[in-house]
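Chains as they are written, first to last, in the numbering used here: chain A, 1 to 378; chain B, 1001 to 1378; chain C, 2001 to 2378; chain D, 3001 to 3378.
Note that beta-carbon positions come from the ideal geometry of N, C-alpha and C, so glycine has one too.
Being a predicted model, the structure only gives us computed values, none of them experimental.
Please read the structure below before turning to the comments.
4 protein chains.
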Amino acid sequence: MASYIKEIRNAYGFDDVAIVPGSVTLNPELADTSFVLGTCTFDTPFIASAMDAVVDPSFAALMHQTGGLAVMNLEGIQTRYEDPAVALETIVSASQATVTNILQDIYTRPIDEKLIQTRVQQIKSSGSVCAVSVTPQNTKRLAPLAVEAGADVIVVQSTVTTARHISRSYKGLVLSELIPSLKGVPLVVGNCVTYDAALELIETGIDGLLVGVGPGAACTTREVTGVGVPQVTATLECAAARENHYATTGKYVSIITDGGFRTGGDICKAIVAGADAVMLGTPFAQSAEAPGRGYNWGMAGKDSELPRGTRVGTGTTAPLDQIINGPTAVTNGTQNFLAALKVCMGMVGAKTIREFQQAELVLAPAIKTEGKHLQLNS
Amino acid sequence: MASYIKEIRNAYGFDDVAIVPGSVTLNPELADTSFVLGTCTFDTPFIASAMDAVVDPSFAALMHQTGGLAVMNLEGIQTRYEDPAVALETIVSASQATVTNILQDIYTRPIDEKLIQTRVQQIKSSGSVCAVSVTPQNTKRLAPLAVEAGADVIVVQSTVTTARHISRSYKGLVLSELIPSLKGVPLVVGNCVTYDAALELIETGIDGLLVGVGPGAACTTREVTGVGVPQVTATLECAAARENHYATTGKYVSIITDGGFRTGGDICKAIVAGADAVMLGTPFAQSAEAPGRGYNWGMAGKDSELPRGTRVGTGTTAPLDQIINGPTAVTNGTQNFLAALKVCMGMVGAKTIREFQQAELVLAPAIKTEGKHLQLNS
Amino acid sequence: MASYIKEIRNAYGFDDVAIVPGSVTLNPELADTSFVLGTCTFDTPFIASAMDAVVDPSFAALMHQTGGLAVMNLEGIQTRYEDPAVALETIVSASQATVTNILQDIYTRPIDEKLIQTRVQQIKSSGSVCAVSVTPQNTKRLAPLAVEAGADVIVVQSTVTTARHISRSYKGLVLSELIPSLKGVPLVVGNCVTYDAALELIETGIDGLLVGVGPGAACTTREVTGVGVPQVTATLECAAARENHYATTGKYVSIITDGGFRTGGDICKAIVAGADAVMLGTPFAQSAEAPGRGYNWGMAGKDSELPRGTRVGTGTTAPLDQIINGPTAVTNGTQNFLAALKVCMGMVGAKTIREFQQAELVLAPAIKTEGKHLQLNS
Amino acid sequence: MASYIKEIRNAYGFDDVAIVPGSVTLNPELADTSFVLGTCTFDTPFIASAMDAVVDPSFAALMHQTGGLAVMNLEGIQTRYEDPAVALETIVSASQATVTNILQDIYTRPIDEKLIQTRVQQIKSSGSVCAVSVTPQNTKRLAPLAVEAGADVIVVQSTVTTARHISRSYKGLVLSELIPSLKGVPLVVGNCVTYDAALELIETGIDGLLVGVGPGAACTTREVTGVGVPQVTATLECAAARENHYATTGKYVSIITDGGFRTGGDICKAIVAGADAVMLGTPFAQSAEAPGRGYNWGMAGKDSELPRGTRVGTGTTAPLDQIINGPTAVTNGTQNFLAALKVCMGMVGAKTIREFQQAELVLAPAIKTEGKHLQLNS
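Pasting the structure below:
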């Protein structure tokens, strides 16, 4: 029997693991949290997701000021509507019963290519690094326009992206052919969750890899299709592919874990699992400056045949700068991500993100309830 | 001590696993979802359960139009009552406190053999493939009548069916003796959940095997008797028996996972575990055309001594065609099963169901909560 | 490091496992459920716990009529109060806030040895088998009185009983010395949950072993002291000790799993794990004839220093005969235990309890939720 | 791939394990629960945490009378405020929305070194053993003052303390240099959760080691930073380091598991995992005499940039003596810890804490629900 039975590996998410303190500790002020992507360096490893509820040009400028990076969706409201405010208002004010249909409507309007230049220039005019995202289907058409408009980072993103895609209706995107046309602008590709797929993508010459299929709060890919790998295991595998490639070629490709984060603890776990940076949607949708004004919605919500995401109420909790840099009076881990990262690096004795990736993890699902029962009474 | 201690294997259900994306992806439109059962071919691998709340002759016609198959229960209301509407109304309008007793009453009326021909002809008259189910006790009596009336597929089904059954009151059904009497009509048998029992059944010459003991929403076999194997492990084992038999004899027996499904994701997981098709009860009882009108109930509810199922409120959500073929605005995976299947096949790069069975699964129980805490606020 | 780290084995309870159907099935009517204890044979393997809320003389007679056995507590209300009705009324009518103190009061009244004869004769006068329980501290004093009064089975029971007990205040009970004084009356001892302790107890010459520390609904030994082994593992280990002893000496000692049962499924799982019979408290406290009138309470509730149990509201659901023999309209497994046992034996193809012990178990925690989400709407 | 993938060990908490009864049992009255720390011996292994809501001078005297030890926080309210009552009243009467800010304010007042002598003398004047805690940053300044004032035990405590700490702003504390300056006063250091870090700390010459990162009810280190190891595994590892050091040097260092306890069962599990004593915060904050008057709060709540704890409502349940020594009518394990410990030692047959550490544990998560469903109705 055994020879015919498929093997099933274990896979772990943020809630399954905990970080083990080190045998040497470090004052948090000594922790260097900087993150390198191709030719760009950032003070912090926090990236805002290419979601319409999170990033618009003014949010991108704010994100730049905090030391991080924002990615603007080149196929969303910002490039379909000259005045995005109306479309955003329509989504935000819709009832929960009608919102999926409304999302489907809003996103049927075609992309206005002139708006690509407008949005890129809005971001650049604030002195910020400008990162934009496109889907694989539209990359050959839109990525050159973005580069020409001055974009500093190109992100090619779909639910699952592979180096080999089979299609009848269009010739698949060949990443190794795309890269020369980008004139040195760093290329990030995703999403991906396995070692083999990651290695194939890395070997095409990309600069960064997005990790994560379906973990975000605004995504139901897992319920709808059954597909998904929890983020800790996905990051461990993709980081292993990166290490292999780095050891054999000397080229270091950044791993960016994308989605599923709620707390500073989750962010630290992703980096200990091998990430160089983290991409956050809902935690930044909760900022006072986010265009979603207390809501978030996934790109997959736009599919008019099979939506895999809807509008999620996130609430608005604090200004972005406080969410990232504090100070805070909130004790549940959802604010001051930078201090959380530095304190954690201190507890494991890591001076850099690269050293932090060497820390130890334990499987500890019970950790969430130990000693906590009384809090219910508080 | 060890030598006297029984070994206990691990077993997994839909909620325990997730599907891993492939290293090659495919445009969903290229996915071929067809399913072969003996001499019949169907465009989609969806089969409606032989439950009185799900399948009547007009529902069977609808199911045929969607490209799938419906199985009509030959020992239920349709063959006990010339006008089933009254019995259905009695069940549907009963209070929860009295419904088990009412089910026991309704199902004590004897089967009227003349109605077998009536129902089969009703289904055939719409141009549909006609599949009917009987229990092992009544197979020798009822199956020939169904074949004579024109049935295209015979299903022999009980909670647990084995090739060897011991009884004092009747001579056990011998499947290898039954098959010649069916005149080439394909035979599906079940239910079954283990490798050894599956192999014995397959070796009798059957065309399809139903997999699943006790997983359905309208069944409490597990609470009442403790018996059950979760559907992923059950499907893995029965499919392994099929592969063994196929490798040694060249005859391919279809594995049909029966029960426990809620979403498109569950359906995809069953097929990745080795199924060729899936049999759905409650998800189709939720269709506007189902005779249960917002309720479902299990065959085991009829047992007047030890009922193992009761009436379950399922609600009515959408027309059958929308549940199977979409489009939909629902994002929780309960509608547009065909698109979910094709999108998932695309993400793992599978062109056929047979290739889809080769995809990888991971054990990922935490996958259900990752990044999802905020949805509670939405 | 490893050499200094304690190893921690896995242990499983009823909710962790499920029974696997066999490759041969059997008509339930062919299943023989009889159970032998020393010189006594019973038609069914169901034993009522020695709890004051469950067994009084008239309940013992009823239990005998169903084919099972009841054990009366010789150190409870029945032997402390000539008219137990008043004490029972006081407990049942107490508020939840005061009931532990009231239990402590009620059980400080000394045992009246004359009442032992009274109660034994009440049970015998109905023609029933009379089983009585004593604690190890009082066994040398009370067991001979019970035997003299005509008791048919002696049960020596405490939370944890071992063949070797160290005490300053009394010479420990030596079971091998006790047995000759019982004049052939079968001796059951417990409770016990491990292989080594079980083997030592079995080797003293006892006839039955009670398995279970702390699983019952009316017991909080686990919260208070941290001690406990889940019932499936405890039964597997004690049954392994029995098999070892049986293989080497030819003497078969009955394993009786005691406590933690809610459904027929739990009962079947205990027997498949190796039990010959099961001892039930709360499921029988729910019968219309139980002296607890909708409540149950543990012996450990009586400890005036450290109570490890309190009064639990069980409700009253049906007459005892219906709980054991049906028929029933309840579909959650809490009634018609005998039919559940026979149906399960049929599904695994077991003609006797001894064959039933050979069935297979799988670890299947997810089994409880598969396909069941919709029931919440019913 | 495998060579690049980080290994993830399993780790267990109190809720994951249960204690296995022994093959010999013991009358609880014969259990010796005494605990030795350097030159001090205590009748019971219960230590009150250095939290402002738990220990003030009069509570320390009470704790001494019960046979245990209290640790007073030398950097909290007691040494920042001549009259601590006002500060305590401010915290206790704050609303939940403002309390974190108020904690941050209260703890910005500088430490008044003169109050160290005052508080130590208050404790000593009652005839009690006086234990005080300091953080590593302030140890060189404050510990000598405490020793001079007459303190009997010095505790150096921070979230994670290692023998090697890297800092730019102060020369790290070198424990081996500190010890001679303490003039023989026993030194306890923590917290720590791994074998390697424990061994390094033990080898500096300390007398006791505090085990636990983040498990307490008033601590959210795990949510905020992701760091933590559940207490059973943390205790197993640190105790293994102790055994190694004891076997090679003959010096026995006491392991004190700190935090995460709710019941007597949790306390017993920590000791079976290798602890010599347990440090309790919230369970003692629930005593009538605790300065927190129904609340508890963590030291990490004071951080004005990144608070990792807040005020938790604990309620007030009983006098301290009843919580430790009983008698009680409470059956959930939160009172009469000493009897729970002795009863558990009896069930595993352990005459001393050292023998108790040899008892067996099983992994038994399901233990919490077995047979307990009915309690919901009580």
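Tell me, please, whether the CB atom of B/R1293 is closer than 8 Å to any CB atom in chain C? Indexing the second sequence from 1 puts residue 1293 of chain B at position 293. Judged by the 8 Å Cβ criterion, B/R1293 is not in contact with chain C.
Could you tell me which uninterrupted alpha helix (DSSP H) segments, each at least 4 residues in length, are contained entirely in the region 2076 to 2149 of chain C, listed from first to last along the chain? 2077 to 2080, 2084 to 2093, 2099 to 2106, 2114 to 2125 and 2136 to 2149
For C/M2279, the residue or residues it bridges with in DSSP: In the third sequence, residue 2279 of chain C corresponds to position 279, counting from 1. BP columns for C/M2279 point to C/I2047 and C/D2258.
Between which residues of its own chain and B/A1094 is the CB-CB distance below 6 Å, once the five residues before and five after are set aside? The residue you call residue 1094 of chain B lines up with position 94 of the second sequence. Once the five neighbours on either side are set aside, the close Cβ partners of B/A1094 are I1102.
Quick one: list the residues of chain A neighbouring B/K1269, beta-carbon separation under 8 Å, in chain order. Looking up residue 1269 of chain B in the second sequence gives position 269. Per Cβ cutoff of 8 Å: G226.
Coarse secondary structure for B/R1242, derived from DSSP in three states: The residue labelled residue 1242 of chain B in the question sits at position 242 within the second sequence. Correct three-state label for B/R1242: helix.
Taking only runs that begin and end inside the region 1151 to 1181 of chain B, name each unbroken alpha helix (DSSP H) of 4 or more residues, in chain order. 1175 to 1181
Does any residue of chain B have a CB that is nearer than 8 Å to the CB of A/T162? Here residue 162 of chain A refers to the residue found at position 162 of the first sequence. At least one chain B Cβ lies under 8 Å of A/T162.
Determine, for B/I1166, whether the minimum Cβ-Cβ distance to residues of chain C falls below 8 Å. For the purposes of this step, residue 1166 of chain B is taken as the residue at position 166 of the second sequence. Yes, its Cβ sits closer than 8 Å to a Cβ of chain C.
Got a sec: is the Cβ-Cβ distance from D/N3101 to anything in chain A below 8 Å? Position 101 of the fourth sequence, counted from the start, is the residue given in the question as residue 3101 of chain D. Interface residue, yes.
Excluding the five sequence neighbours on either side, which residues of its own chain have a C-beta within less than 6 Å of the C-beta of D/P3186, listed in chain order? As a position in the fourth sequence, residue 3186 of chain D is number 186, starting the count at 1. Result list for D/P3186: L3037, G3038, V3153 and D3207, in chain order.
Whether D/T3066 touches D/I3324 by CB criterion (8 Å): Reading the fourth sequence from its first residue, position 66 is the one you call residue 3066 of chain D. Reading the fourth sequence from its first residue, position 324 is the one you call residue 3324 of chain D. Contact flag set, yes.
Between C/I2019 and C/A2270, what straight-line distance do the alpha-carbon atoms span, to the nearest angstrom? Here residue 2019 of chain C refers to the residue found at position 19 when the third sequence is read from its first residue. Here residue 2270 of chain C refers to the residue found at position 270 when the third sequence is read from its first residue. Roughly 10 Å separates the two Cα atoms.
Nearest by alpha-carbon distance to B/T1316: which of B/R1293, B/F1337 and B/Q1322 is it? The residue you call residue 1316 of chain B lines up with position 316 of the second sequence. Among B/R1293, B/F1337 and B/Q1322, the Cα nearest to that of B/T1316 is on B/R1293.
Taking three-plus beta-carbon pairs below 8 Å as touching, is the region 346 to 358 of chain A in contact with the region 1184 to 1200 of chain B? no
In chain C, which residues lie less than 9 Å from B/V1174 when you measure between Cβ atoms? The residue labelled residue 1174 of chain B in the question sits at position 174 within the second sequence. Here the premise fails: no neighbours, minimum Cβ distance about 14 Å.
Considering only the alpha carbon of each residue, which of B/L1182, B/S1126 and B/E1075 lies closest to B/L1062? As a first step, residue 1062 of chain B must be located in the second sequence, where it is residue number 62. The option with the nearest alpha carbon to B/L1062 is B/S1126.
Taking the CB atoms as reference points, tell me whether D/A3031 and D/M3345 lie closer together than 8 Å. Here residue 3031 of chain D is taken as the residue at index 31 of the fourth sequence, counted from 1. Here residue 3345 of chain D is taken as the residue at index 345 of the fourth sequence, counted from 1. In this structure, D/M3345 lies closer than 8 Å to D/A3031 by Cβ.
Counting only beta-carbon atoms, is C/G2309 nearer than 8 Å to chain D? The residue given as residue 2309 of chain C occupies position 309 in the third sequence. C/G2309 counts as touching chain D.
What residues from chain C crowd round D/G3333, counting only those whose CB sits closer than 7 Å? In the fourth sequence, residue 3333 of chain D corresponds to position 333, counting from 1. Near D/G3333 (Cβ distances below 7 Å), the residues of chain C are T2220, E2223 and V2224.
Does A/A70 come out as helix, strand or coil in the three-state DSSP assignment? If you number the first sequence from 1, residue 70 of chain A lands on position 70. Three-state DSSP puts A/A70 in a strand.
When C/I2008, C/N2332, C/K2140 and C/E2075 are compared against C/L2178, the one with the closest alpha-carbon: Residue 2178 of chain C sits at position 178 when you count from the first residue of the third sequence. Ranking C/I2008, C/N2332, C/K2140 and C/E2075 by Cα distance to C/L2178 puts C/K2140 first.
Minimum C-alpha distance to C/A2050 - residue among C/L2363, C/V2188 and C/Y2012: Numbered from 1 along the third sequence, position 50 holds the residue referred to as residue 2050 of chain C. The shortest C-alpha separation from C/A2050 is found at C/V2188.
Note down, in chain order, all residues in the region 1092 to 1121 of chain B with a beta-carbon under 7 Å from any beta-carbon belonging to chain A. none
Limits of the alpha helix (DSSP H) - the one that C/A2060 falls within: By one-based count along the third sequence, residue 2060 of chain C stands at place 60. Start and end: P2057 to Q2065.
Using CA coordinates, which residue listed in A/F59, A/T159, A/T90 and A/V174 is at the minimum distance from A/C130? Counting from one through the first sequence, the residue named residue 130 of chain A turns up at place 130. It is A/F59 whose Cα lies nearest to the Cα of A/C130.
If you measure beta-carbon to beta-carbon, which residues of the region 15 to 34 of chain A are closer than 8 Å to chain D? V17, A18, I19, V20, P21, G22, S23, V24, T25, L26, N27, E29 and L30
Can you pull the chain B residues whose beta carbon is under 8 Å from the beta carbon of A/N138, in chain order? Along the first sequence, one-based indexing puts residue 138 of chain A at 138. Going along chain B, no residue has its Cβ under 8 Å from A/N138, so there is no contact; the nearest lies around 15 Å.
Nearest by alpha-carbon distance to C/F2046: which of C/L2341, C/Q2358 and C/V2120 is it? Against the third sequence, residue 2046 of chain C aligns to sequence position 46. Nearest option by C-alpha distance: C/L2341.
Secondary structure at C/V2348, three-state DSSP: helix, strand or coil? For the purposes of this step, residue 2348 of chain C is taken as residue 348 along the third sequence, with counting starting at 1. In the structure shown, C/V2348 sits in a helix (DSSP, three-state: H, G or I).
Please confirm whether B/T1159 has its beta-carbon closer than 8 Å to some beta-carbon of chain C. The count along the second sequence starts at 1 and reaches residue 1159 of chain B at position 159. Output row for B/T1159: interface = yes.
Counting C-beta neighbours from all protein chains within 10 Å, is the total for C/S2133 16 or more, i.e. buried, or is it exposed? Translated into positions along the third sequence, residue 2133 of chain C becomes position 133. Buried is the call here.
Can a CB atom of chain C be found closer than 8 Å to the CB of D/P3327? Looking up residue 3327 of chain D in the fourth sequence gives position 327. Judged by the 8 Å Cβ criterion, D/P3327 is in contact with chain C.
Report buried or exposed for B/R1168, applying the criterion of at least 16 other Cβ atoms within 10 angstroms of its Cβ. By one-based count along the second sequence, residue 1168 of chain B stands at place 168. So B/R1168 counts as exposed.
Give the secondary structure of A/Y4 by DSSP, where H, G and I count as helix, E and B as strand, and everything else as coil. Working through the first sequence from its first residue, we reach residue 4 of chain A at position 4. A/Y4 falls in the helix class under three-state DSSP.
Minimum C-alpha distance to C/Q2157 - residue among C/K2114, C/I2256 and C/T2025: Mapped onto the third sequence, residue 2157 of chain C falls at position 157. The candidate whose alpha carbon is nearest that of C/Q2157 is C/I2256.
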